[in-house]
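J.: Mapping to our numbering: the sequence shown position 167 is 177, numbers consecutive. Glycine included, every Cβ here is placed at the ideal spot set by N, Cα and C. My questions all concern the structure below.
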Amino acid sequence: MTKKQFLGWGFIAVLLMWGGNTYAQKFDQLAKTPQLGWNSWNTFGCDVNEKMIREMADAMVSSGMKDAGYEYINVDDCWHGERDKQGFIQVDKKHFPSGMKALADYVHSKGLKIGLYSDAGNTTCAGRRGSRGHEYQDAVTYASWGIDYLKYDWCDTQDINPKAAYSTMRDALYTAGRPVLFSICEWGDNKPWEWATDVGHSWRTTGDIYPCWNCEHNHGSWSSWGVLPILDKQVGLRKYAGPGHWNDMDMMEVGNGMSEEEDRSHFSLWAIMASPLIAGNDLRSMSDATKKILTNKDMLAINQDKLGVQAMKWIDDGDLEIFVKPLEKGEYAFLFLNRADQAQDYMLDWSFHYMKDDISKHEVFFDKKKFNWRDIWRGDSGTTTEKLGLNIPAHGVRVLRLTPR
Ligand code: GAL
C-alpha cells in the first residue's frame with residue numbers, strides 16, 4: 011500500500027468510526043426516559059387509515075397530550091401493502107392513498123413523531139408482510155418516509171433466534187441512519203430483559219393487555235391480560251430497566267372500558283413502574299376524565315424522572331401493596347394499591363419504617379429522615395412526622411410524592 015492509499019483508507023476508517031459513533035449516540039438519546047405516545051392497536055386493530063391517523067395527531071395536540079409530553083403517533087399492524095418487484099415494502103394504497111411519507115410529514119408538521127409496526131417473521135400477527143430477509147430494505151424505506159419509531163413483533167418466527175433477529179433489525183436501523191426508537195415486542199417469551207439492553211429501547215414483558223382489572227381473556231390458543239396480572243408478571247424485572255432500556259407493560263387501556271378508578275390505577279401503576287406510556291384509546295372522543303388521567307403532569311413527571319429507576323414493591327400486605335420509586339434529588343413516589351373489591355383504610359406510622367433499595371442504593375430510616383408529602387391525584391399534603399391514614403377505594407390507588415424537609 012502506498013502512503014497515499016494508506017492515508018486514504020485511514021480517512022475513510024475515521025469517517026466510518028465517527029459516523030457509526032454519531033449514529034449510536036443518536037440512538038442512545040432516544041429513550042433516556044420511557045417513551046410517551048399513542049398506538050392504534052388497542053382501539054382500531056387492523057382498521058387503520060391515514061385520515062384517522064391524522065385526526066389522532068390533531069387530537070394529541072388539541073387535547074393537551076402533546077404539551078404534557080406525549081410525542082409518538084404509532085401505526086400498528088395492517089398499514090402494509092405488498093412488496094414490489096425488488097422486495098421493497100409498499101403501503102396499503104387503499105387506506106393510505108397519500109403514502110406514508112405524506113403522513114409522516116403531516117405528523118411532523120404537528121411537532122410530533124411517527125411510528126410503524128413490523129415483525130421479525132415472514133408475516134405480521136395479522137398476516138401482512140413481515141420483515142424477515144428484508145430488514146435492511148425496510149429500514150431504508152422507513153428512513154426515506156421519515157419514520158421515528160419501530161415496534162417489531164414476533165409472529166411467524168418458529169425457527170428464528172430472537173436476539174439475532176432483533177439485532178439484525180437494530181443494525182439495519184443504525185445503518186439506515188435515521189434515529190428510530192426500537193420497541194421490541196416478543197411478549198417476554200425469550201426473556202428479552204436478559205439480552206436486549208443494547209438491542210432495543212424497550213421490550214414487552216408480557217402478552218397483550220385487555221381492558222379489565224384482574225382477568226385473563228382467553229382467545230383460544232393465547233390469552234390477554236388485565237391490569238393486575240400484567241403487574242404481577244413484572245416480579246424480578248426491575249433491575250433490567252434504566253435509561254435507554256425499559257420494561258414495556260404494553261399499551262394502555264385507559265379510556266377503553268374500565269371504571270375511572272381502575273383507569274387511574276392502571277395509569278399510575280404503569281407510570282411508577284417506568285413503563286413506556288402509550289395511550290391506546292380514541293383520542294378524538296375521549297371523556298374529560300380520561301384526558302385528565304392521561305395528562306396528569308405530576309404522574310407523568312414520576313414516570314419521566316431522570317434517575318430512571320422502576321418502582322419496587324416495598325410492602326405486600328395481601329390486597330394492599332405499596333410501591334416505591336426513588337426519584338432525583340432524594341425524592342420518592344409512593345403508590346398504595348388496593349387490589350380488593352372493597353375500599354380499605356390504611357394506617358402507616360412512618361417512624362417505624364425503614365426502606366432499602368438494592369438497585370438505586372437508596373436507604374431511608376423514616377424515624378430520622380423526614381419528608382413532606384403531597385397526594386398526586388387529590389392534592390392534599392402532610393408530613394412523615396405524623397401517622398398517615400389513607401382511605402383507598404376499591405381497585406384504587408393513592409400516590410404520594412415525598413420531598414425531603
Ligand atoms: C401482537 C402485539 C399487539 C399488536 C398485534 C398486531 O403480537 O402484541 O400489541 O401489535 O400483535 O397484530
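Should G217 and W235 be called a contact, given that it needs their Cβ atoms to be closer than 8 Å?
T.: yes
J.: Just the C-alpha distance for L238 and S275, rounded to the nearest angstrom, thanks.
T.: 10 Å
J.: Name the one or two DSSP bridge partners that P414 has.
T.: Paired residue(s): F381.
J.: Should the region 334–347 be regarded as contacting the region 398–415, the criterion being three or more beta carbon pairs within less than 8 Å?
T.: yes
J.: So E272 is in the alpha helix (DSSP H); what residue range does that whole segment cover?
T.: E272 -> alpha helix (DSSP H) spans E270 to I282.
J.: In three-state DSSP terms, what is W232?
T.: coil
J.: Please report the straight-line C-alpha distance between F362 and S73, rounded to a whole angstrom.
T.: Straight-line Cα distance between these residues: approximately 44 Å.
J.: Suppose the cutoff is 7 Å on Cβ atoms and the five residues either side in sequence are ignored; what does the same chain contact list for V71 look like?
T.: K120
J.: Checking 8 Å against the spacing of the C-beta atoms, do R142 and H90 come in under that value?
T.: no
J.: Note down the Cα distance separating E226 from G156, rounded to an integer number of angstroms.
T.: 38 Å
J.: Give a yes or no on whether the C-beta atoms belonging to L410 and S370 are separated by under 8 Å.
T.: no
J.: Taking contact to mean 3 or more Cβ pairs, one atom from each stretch, closer than 8 Å, check whether the region 254–261 and the region 385–394 are in contact.
T.: no
J.: Quick check on the DSSP output: what are the complete beta strand (DSSP E) runs of length 3 or more inside the region 95–147, in order along the chain?
T.: 99–101 and 123–129
J.: Mind reading off the beta-carbon distance from D158 to Y82? Whole number of angstroms is fine, and I expect it under 8 Å.
T.: 7 Å
J.: How long is the line joining the alpha carbons of E145 and D94, rounded to whole angstroms?
T.: 15 Å
J.: In whole angstroms, what separates the C-alpha of G406 from that of E271?
T.: Looking at the two C-alpha atoms, the distance is approximately 6 Å.
J.: Within the structure, which residues are defined as neighbours of ligand 1 by a Cβ-heavy atom distance below 5 Å, reported in chain order?
T.: W51, D86, D87, C135, A136, D163 and D218
J.: With three or more beta-carbon pairs closer than 8 Å as the criterion, would you say the region 340–355 touches the region 99–118?
T.: Result no; under three Cβ-Cβ pairs closer than 8 Å.
J.: Starting from the Cα of D326, find the closest Cα among Y356, I219 and S177 and give me that residue.
T.: Y356
J.: If you reduce the DSSP assignment to three classes, tell me which class N257 lands in.
T.: If DSSP states are grouped into helix, strand and coil, N257 belongs with the strands.
J.: Suppose the cutoff is 6 Å on Cβ atoms and the five residues either side in sequence are ignored; what does the same chain contact list for W358 look like?
T.: Note that residue 358 is Leu in the sequence shown here, rather than Trp. L398.
J.: Look at A130 and A153 and say whether their C-beta atoms are less than 8 Å apart.
T.: no
J.: Distance check for A149 and G97, CA to CA, integer angstroms please.
T.: The alpha-carbon atoms of G97 and A149 are separated by roughly 12 Å.
J.: Under 8 Å by Cβ, that's how I've got Y127 and D166 pegged, so tell me the actual separation to the nearest angstrom.
T.: Between D166 and Y127 the Cβ distance is about 14 Å, and since that is not below 8 Å, they are no contact.
J.: Quick one: what's M262 bridged to in DSSP?
T.: Paired residues: none, contrary to the question.
J.: So what does DSSP say about A174, is it helix, strand or coil?
T.: A174: helix per DSSP, three-state reduction.
J.: Is N224 helix, strand or coil by DSSP?
T.: coil
J.: Could you give the DSSP three-state label for L347: helix, strand or coil?
T.: strand
J.: Which whole-angstrom value is the C-beta distance of V319 and A281, which I expect to be below 8 Å?
T.: Rounded, the Cβ-Cβ distance is 13 Å, inconsistent with contact.
J.: According to DSSP, which residues form a beta bridge with E331?
T.: D326 and L347
J.: Given a cut-off of 8 Å on the beta-carbon distance, is the pair D273 and T300 in contact?
T.: yes
J.: Tell me which same chain residues have a C-beta within less than 7 Å of the C-beta of F106, skipping the five on either side of it?
T.: Answer for F106: N59, E60, W89 and L113, listed in chain order.
J.: Quick one, which of V264, P189 and T215 has its alpha-carbon nearest W223's?
T.: V264
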